[in-house]
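Trainee: The sequence shown begins at 2 in the numbering used here and counts up one residue at a time.
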Amino acid sequence: MTIDKAREIIEQQISFGSGYNRNAVRLLLGEIQREHGMQAVDRLIEELNLEEAFGLRPGTDFTHVAH
Numbered sequence: 002m003t004i005d006k007a008r009e010i011i012e013q014q015i016s017f018g019s020g021y022n023r024n025a026v027r028l029l030l031g032e033i034q035r036e037h038g039m040q041a042v043d044r045l046i047e048e049l050n051l052e053e054a055f056g057l058r059p060g061t062d063f064t065h066v067a068h
């Protein structure tokens with residue numbers, strides 16, 4: 002998945018804003034981390050303010066999230 006596509010999907014999930022959407026974002030971040038690395042994940046977390054929206058912090062390893 003491209004980072005742009007992930008950004009688009011995450012923005013949709015933020016607009017819904019439930020616990021289920023948090024899990025969907027965690028799955029997406031895991032995929033991005035596997036394909037593009039931790040720096041790409043940290044940039045998305047900061048850019049989209051995911052710490053405030055879902056409590057997701059930079060530096061978190063999302064590769065363990067089921068895929």
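Glycine included, C-beta positions come from ideal geometry on N, C-alpha and C.
Model, not experiment: these values are computed from the prediction.
(1) Should R27 and F63 be called a contact, given that it needs their Cβ atoms to be closer than 9 Å?
(2) By DSSP, does F63 sit in helix, in strand, or in coil?
(3) Give the range of the alpha helix (DSSP H) segment to which L45 is assigned.
(4) Whole angstroms is fine: what's the gap from N45's alpha carbon to L51's?
(5) Which class does G20 belong to by DSSP, given the choice of helix, strand or coil?
Mentor: Looking at the atomic coordinates:
(1) In this structure, the beta-carbon distance from R27 to F63 falls below 9 Å.
(2) In this structure, F63 counts as coil in the three-state DSSP scheme.
(3) 39 to 48
(4) Residue identity differs from the one stated: residue 45 is Leu in this sequence, not Asn. Whole-angstrom Cα-Cα distance: 8 Å.
(5) helix
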